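A.B. asks: This is the structure I want to talk about, given as structure tokens.
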């Protein structure tokens with residue numbers, strides 16, 4: 390039996406899951422996402438023109454919730470990931 394050249398363990402899986410979660414959390418703080426934005430132009434040829442620009446932020450709490458849910462999903466995928474790595478790297 391060949392020795393596995395890429396052993397995958399629970400510690401490596403948890404480490405990779407935490408790295409991906411924290412990367413998503415840091416990126417969500419750096420990038421300003423908005424859920425809704427609109428531009429409205431009111432006016433015509435014979436009067437003043439007004440341009441309204443509006444947006445609403447999604448909020449940092451939702452991004453943290455998504456990153457925690459991603460961490461849970463990544464941790465639940467330990468067994469399938471390990472079996473795929475063992476299948477293709479043996």
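Residue numbers (the numbering used here): 390 to 479.
Even for Gly, the Cβ is constructed at its ideal location relative to N, Cα and C.
Remember, predicted model here, so these are calculated numbers, not experimental data.
Sorted by chain position, which residues of the same chain lie with C-beta nearer than 7 Å to residue 467's C-beta, five sequence neighbours on each side aside?
C.D. replies: As a first step, residue 467 is located in the chain shown; it is residue number 78 there, counting from the start. Contacts found: 399, 402.
A.B. asks: Express the C-alpha separation of residue 428 and residue 438 in angstroms, rounding to a whole number.
C.D. replies: Here residue 438 refers to the residue found at position 49 when the chain shown is read from its first residue. Here residue 428 refers to the residue found at position 39 when the chain shown is read from its first residue. Approximately 13 Å between the Cα atoms of the pair.
A.B. asks: Could you tell me the distance, in whole angstroms, from the CA atom of residue 405 to the CA atom of residue 430?
C.D. replies: The residue you call residue 405 lines up with position 16 of the chain shown. The residue you call residue 430 lines up with position 41 of the chain shown. If you take the alpha carbons of residue 405 and residue 430, they lie about 48 Å apart.
A.B. asks: Which value, in whole angstroms, describes the spacing of the CA atoms of residue 407 and residue 442?
C.D. replies: Counted from its first residue, the chain shown places residue 407 at position 18. Counted from its first residue, the chain shown places residue 442 at position 53. Near 38 Å, if we compare the C-alpha coordinates of residue 442 and residue 407.
A.B. asks: Using 8 Å as the threshold, is the C-beta distance between residue 397 and residue 474 below it?
C.D. replies: Taking the first residue of the chain shown as position 1, residue 397 is located at position 8. Taking the first residue of the chain shown as position 1, residue 474 is located at position 85. For residue 397 and residue 474, yes; Cβs fall inside 8 Å.
A.B. asks: Following the continuous alpha helix (DSSP H) through residue 469, name the residue where it begins and the one where it ends.
C.D. replies: What you label residue 469 is simply residue 80 of the chain shown in a count that begins at 1. Its alpha helix (DSSP H) spans residues 467–477.
A.B. asks: Report yes if the C-beta distance between residue 463 and residue 416 is below 8 Å; otherwise report no.
C.D. replies: Position 74 of the chain shown, counting from 1, holds the residue named residue 463. Position 27 of the chain shown, counting from 1, holds the residue named residue 416. Not closer than 8 Å, so no.
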